[in-house]
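First comes the structure, then the notes that go with it.
Right under this line is the structure:
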């Protein structure tokens, strides 16, 4: 994204420079009345080229023009235009050198080192050609100025590469810091065994949702006879059961719902913006899905069930009321436990 934005900015700069150069030379020729035949033809061609650039840029097709001649089309056009125009303006030294230096600098900032140096070589070739064809200055001076121009292109190319390398290292460092921060946040809020929110993250979500959303429904679920699972099949099987139950819960929730491992074999689900009947149905679906799931660990089949308590509130809750909501859902959960297990008990928050 950043590279595309950078390309977009420098494309705008290039087109602006082209337009300004064309207008300046056009005004110079009109006011000085030196619009010679070849000069007029070259100027018309260049103005057509600028118009094409503007059209392709406006229609997001400028890349077609930039890819011509291996990506050096703009460099060739710049070199030809400035060289020919300056021959006919009879003042190439005062115009060509600073313009070429500006174009080389912008090319270096916009592109990688090889392309910027190539642009400098093309510019130097055009500059020396103008000097030789015009005959205004001795050949030695022209070649010396061309060498300085070429040296400038190598210098800005290397400087741009150095700046680019420093930028990339800083970018990688920032990305690594961002990744580590995200990893720390994930570890701080996620239960490592189930990949659900942990106990602390659940209470934070409850605080945010209960204060801003009404209605809200809280479901507490507990694995029935989990101690017996550990005693009969081993603690590894207990971890397996907790992981599988958590995956079933995640699959049955909406993206706006919050699923959490409340502690041990107990789970919590927050349903923002839902009424009691919907919360009852979600809890029943989870319990039914768990009861029908073929739990099998180490070639041993197990029948696992859940008990659930569902508490629903129609108003926003303060922090103290949030604790009361959890306590009431917990009481409903244990009512299900005492009355046969594998069932759901729900009530309105009071």
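Numbering (my numbering), first residue to last: 1367 to 1716. Positions of the beta carbon are idealized from the N, C-alpha and C atoms, including for glycine.
Item to check | Candidates 1617, 1412, 1578 and 1614, of which the one nearest residue 1639 by Cα | outcome: 1578
Next on the checklist: I'd like the list of long-range same chain contacts for residue 1603, defined as Cβ closer than 8 Å, with 5 residues on each side in sequence excluded.
Outcome noted: 1595, 1596, 1663, 1664, 1666 and 1668
Item to check | Separation of residue 1583 from residue 1703, as counted between CA atoms | outcome: 20 Å
Checklist entry - Can you list, in chain order, the stretches of the alpha helix (DSSP H) that have 4 or more residues and sit fully within the segment 1627-1674? => result Listed in chain order, the complete alpha helix (DSSP H) runs (minimum 4 residues) inside the segment 1627-1674 are 1642-1658.
Checklist entry - In terms of alpha-carbon separation, which member of 1699, 1714 and 1690 lies closest to residue 1572? => result 1690
Checklist entry - Which whole-angstrom value describes the C-beta separation of residue 1671 and residue 1612, a residue pair presumed to lie in contact below a C-beta threshold of 8 Å? => result Residue 1671 to residue 1612, Cβ: 15 Å. No contact.
Next on the checklist: Any contact between the segment 1640-1657 and the segment 1541-1548? By contact I mean 3 or more CB pairs, one from each, below 8 Å.
Outcome noted: no
Next on the checklist: Just verifying my parser: in three-state terms, what is the DSSP assignment at residue 1714?
Outcome noted: strand
Next on the checklist: Considering Cα atoms alone, identify which of 1627, 1714, 1616 and 1386 is closest to residue 1643.
Outcome noted: 1714
Next on the checklist: According to DSSP, simplified to helix, strand and coil, what is residue 1625?
Outcome noted: strand
Item to check | Simplified DSSP assignment, three categories, for residue 1426 | outcome: Coil.
Checklist entry - Does DSSP classify residue 1692 as helix, strand or coil? => result helix
Checklist entry - How many angstroms separate the CA atom of residue 1641 from the CA atom of residue 1581? => result 6 Å
Item to check | residue 1684 to residue 1606 span [Cα, whole Å] | outcome: 37 Å
Next on the checklist: Please report the distance separating the alpha-carbon of residue 1710 from that of residue 1676.
Outcome noted: 7 Å
Checklist entry - Which class does residue 1561 belong to by DSSP, given the choice of helix, strand or coil? => result coil
Next on the checklist: Looking only at its chain, what residues have a beta carbon closer than 6 Å to the beta carbon of residue 1619, apart from the 5 residues adjacent to it on each side?
Outcome noted: 1625
Checklist entry - With distances taken between CB atoms, is the gap from residue 1482 to residue 1519 smaller than 8 Å? => result Yes, the Cβ-Cβ distance between residue 1482 and residue 1519 is below 8 Å.
Next on the checklist: Given this structure, state the Cα-to-Cα distance separating residue 1504 from residue 1512, to the nearest angstrom.
Outcome noted: Linking residue 1504 to residue 1512 through their CA atoms gives a straight-line distance of about 13 Å.
Checklist entry - So, helix, strand or coil for residue 1366, using DSSP? => result Beyond the ends of the chain as shown, which are 1367 and 1716, falls residue 1366; an answer cannot be given.
Checklist entry - Can you round the beta-carbon distance between residue 1697 and residue 1674 to whole angstroms, since I take them to be within the 8 Å contact cut? => result Not quite, the Cβ-Cβ distance comes to about 12 Å (not below 8 Å), so this is no contact.
Item to check | Classification of residue 1601 by the beta-carbon crowding that lies within 10 angstroms, buried from 16 upward | outcome: exposed
Checklist entry - Looking at C-alpha atoms only, which residue of 1525, 1444 and 1507 is the closest neighbour of residue 1487? => result 1444
Checklist entry - Straight-line CA distance for residue 1534 to residue 1413? => result 38 Å
Next on the checklist: In whole angstroms, give me the CA-to-CA distance for residue 1554 and residue 1629.
Outcome noted: The C-alpha of residue 1629 is placed about 15 Å away from the C-alpha of residue 1554.
Next on the checklist: By DSSP's criteria, residue 1582 is part of a beta bridge. Which residues make up the other side?
Outcome noted: 1638 and 1679
Checklist entry - Which residues in the same chain as residue 1557 place their Cβ atom closer than 6 Å to its Cβ, once the five residues preceding and following it in sequence are excluded? => result Hits under 6 Å: 1564 and 1627.
Item to check | Segment limits, alpha helix (DSSP H) that includes residue 1603 | outcome: Counting along the chain, the alpha helix (DSSP H) containing residue 1603 begins and ends at 1601-1617.
Checklist entry - Can you tell which of 1682, 1708, 1448 and 1608 has its C-alpha closest to the C-alpha of residue 1389? => result 1448
Item to check | Enclosing alpha helix (DSSP H) for residue 1708 [first to last residue] | outcome: It is not in any alpha helix (DSSP H) - residue 1708 carries neither H nor E in the DSSP assignment.
Checklist entry - When we look at the beta-carbon of residue 1633 and count the other beta-carbons within 10 Å, is it buried (16 or more) or exposed? => result The residue is buried, with at least 16 neighbouring Cβ atoms inside 10 Å.
Checklist entry - Of all the alpha helix (DSSP H) runs that stay within the bounds of the segment 1488-1565, which reach a length of 4 or more residues? => result 1505-1555
Next on the checklist: Can you tell me whether residue 1444 is helix, strand or coil according to DSSP?
Outcome noted: Helix.
Checklist entry - For residue 1588 versus residue 1631, is the C-beta spacing smaller than 8 Å? => result yes
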